[in-house]
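Using numbering that gives the first Met the number 0, read the sequence shown as starting at 0 and increasing by one per residue. Every residue gets a Cβ at the ideal spot worked out from N, C-alpha and C, and that includes glycine. Since the structure comes first, as structure tokens, the remarks are kept for the end.
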Amino acid sequence: MSAFLQIYEAGSARDVAVLPNGKPLTIGRGEKNDVPVPTDGQMSSRHASLTLTGASCVLRDLDSTNGTWLNDQPVAAVELQGPAIFRCGTTYFQLDWPSHAPASKAAAASPEQQNSVGSTAGAAPGPGSPPKANSLVTKSWADAEIFDLRMTGGFCGASALEITQRFSLADQIELVPAEGEGAEEFVARLLAAEDDIAAIEFLAFALPRRCAIWWLIQCLRSDFEFEGHERNVLDLSEAWVRRPNRQTRRQPLKLAERHEVEGLARWVADAVFHSHGSLAAANTPEVQPKVTLAGKTILAAVSLAVVDCEPDQIADRRRRYIADALCFATQDSPWS
């Protein structure tokens, strides 16, 4: 399981990192931190760290000058077991845990449940008006796209029917999921009906965003040789999977555009860019991608890879890709 870290700026929370299990993530003013905040003059160069272990996370102050604050109190080290808002310098951070339940159910939790940090929760003191924990956490959980990024395994819906309805897949997939039928069971039924194409279409949307792009990259690496800038684009895309944020999301596409990379590697860069965040240029009004855009990009790339072989190999390649997708869905963070 992973935990998801956001930074609170200008009245809203934006994504900055996904915490790896068992490895400390550092926060500070210095650029060598995992989460650098060079603009906060009240933050120490190495200010605090977060270490996720299973269902809990330790927030630790790294002997900072102005302290790390949680619930109106400075903390040296504290174990967090639920969503939390804490402050380093003048910067507020929000820590959330992912859930494998549907996003709508997570958002429906009561403010008291959403706001639990051990036995209490709240905002740390500091300059200006601190964010309200209730509104931040509720907004975060209600955002289905951010929810998908928190998921590191399984499928992005409680049932196959929920997934097909969310992504409007009825026009592409003729077979209708049964009420309460799981995603894996639905794929098995598609394969039994020899509708392998529909199975791939469904999986491109059903896998959580990071898992789907990881699946795409591994499919390509298994059957194609990539060198030079194409290989670098794939490497940067894998880096985004491991740590999705605004900077890592834009890097693969920037490199692809700079060196005019086309073909399958470019499709991967586009999939990463379409995964979350604004499609507009920096410092311009945000344009959010449609909920189906990333899935369509992933589907197009996988479909091109399937047919880029001898005709008598297409069916075997398609089945292998489907098996890989189902395998990744059973793992927590298959990129670990």
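Can you tell me whether residue i is buried or exposed, with buried defined as 16 or more other CB within 10 angstroms of its CB?
| i | result |
| --- | --- |
| Gln250 | buried |
| Cys218 | buried |
| Pro37 | exposed |
| Glu200 | buried |
| Glu256 | exposed |
| Pro207 | buried |
| Pro310 | exposed |
| Glu229 | buried |
| Leu278 | exposed |
| Leu303 | exposed |
| Glu226 | exposed |
| Gln246 | exposed |
| Gly152 | buried |
| Arg248 | buried |
| Gly40 | exposed |
| Pro82 | buried |
| Val260 | buried |
| Ser63 | buried |
| Arg220 | exposed |
| Glu173 | exposed |
| Cys210 | buried |
| Glu30 | exposed |
Suppose the cutoff is 6 Å on Cβ atoms and the five residues either side in sequence are ignored; what does the same chain contact list for residue i look like?
| i | result |
| --- | --- |
| Ala205 | Phe154, Ile162 and Ala182 |
| Ser134 | Low local confidence applies: a pLDDT of 35 at Ser134 is under 50, so the model's placement there is unreliable, and no value is given. |
| Leu292 | His273 |
| Glu184 | none |
| Asp142 | Low per-residue confidence applies at Asp142: pLDDT is 42, beneath 50, and the placement is therefore not dependable enough to give any value. |
| Cys87 | Ile26, Met42, His46, Ala47 and Thr67 |
| Leu78 | Checking the displayed sequence, the identity of residue 78 turns out to be Glu instead of Leu. Taken in chain order, the residues that qualify are Ser55 and Val57. |
| Ala159 | Pro176, Glu180, Ala182 and Phe185 |
| Ser103 | Any reading at Ser103 must be qualified, since the residue scores a pLDDT of 29, below 50, and its modelled position is unreliable; the value itself is stated next. Hits under 6 Å: none found. |
| His258 | His228 |
| Gly117 | Confidence at Gly117 is low in this model, with a pLDDT of 31, below 50, so its placement is unreliable and no value can be given for it. |
Assuming residue i contacts residue j under a Cβ cut-off of 8 Å, what Cβ separation, rounded to an integer in Å, is found between them?
| i | j | result |
| --- | --- | --- |
| Ser48 | Arg28 | Not a contact, Cβ separation roughly 14 Å. |
| Val305 | Ile313 | 6 Å |
| His275 | Leu148 | 6 Å |
| Leu189 | Ala197 | 5 Å |
| Ile212 | Val240 | 6 Å |
| Leu349 | Phe223 | In the structure as shown, the chain starts at 0 and stops at 335, and residue 349 therefore has no counterpart that could be examined. |
| Leu168 | Ile321 | Actually they are not in contact, since the Cβ atoms of Leu168 and Ile321 sit about 16 Å apart, beyond 8 Å. |
For residue i, which residues does DSSP report across the bridge?
| i | result |
| --- | --- |
| Leu325 | Answer is none; Leu325 lacks a bridge partner. |
| Phe92 | Ile6 and Phe85 |
| Val17 | Phe3 |
| Val77 | Leu58 |
| Ile26 | Val34 and Ala47 |
Closer than 7 Å by C-beta to residue i: which residues in its own chain qualify, once you throw out the five before and the five after it? Chain order, please.
| i | result |
| --- | --- |
| Leu215 | Val267, Ala270, Ile297, Ala300 and Val301 |
| Lys66 | Correcting the residue type first, residue 66 is Gly in the shown sequence and not Lys. So the list reads Asp60 and Pro73, once near-sequence residues are dropped. |
| Ala16 | Leu4, Leu24, Asp33, Val34, Arg242 and Asn244 |
| Phe166 | Phe204, Val290, Thr291 and Gly294 |
| Pro130 | Residue confidence for Pro130 is low, a pLDDT of 47 falling below 50, so the modelled location carries little weight; the figure read from the coordinates is stated next. Within the same chain, Pro130 has close Cβ partners Tyr7, Ile84, Tyr91 and Ala122. |
| Pro288 | His273 and Leu278 |
| Arg317 | Asp195, Ile199 and Val305 |
| Asp323 | Trp214, Gln217 and Cys218 |
| Gln330 | Gly152 |
| Gln164 | none |
Using a Cβ-Cβ cut-off of 8 Å (strictly less than) and excluding sequence neighbours within five positions of residue i, which residues of its own chain qualify?
| i | result |
| --- | --- |
| Asn231 | Leu254 |
| Leu252 | Ala268, Asp269, Val271 and Phe272 |
### Task
Would you mind listing the beta strand (DSSP E) stretches within the segment 32-74 that are 3+ residues and don't spill past its ends, in chain order?
47-52, 55-60, 67-69 and 72-74
### Message
Which complete alpha helix (DSSP H) runs does the segment 245-308 hold, if anything under 4 residues is left out?
### Response
245-257, 263-272 and 292-306
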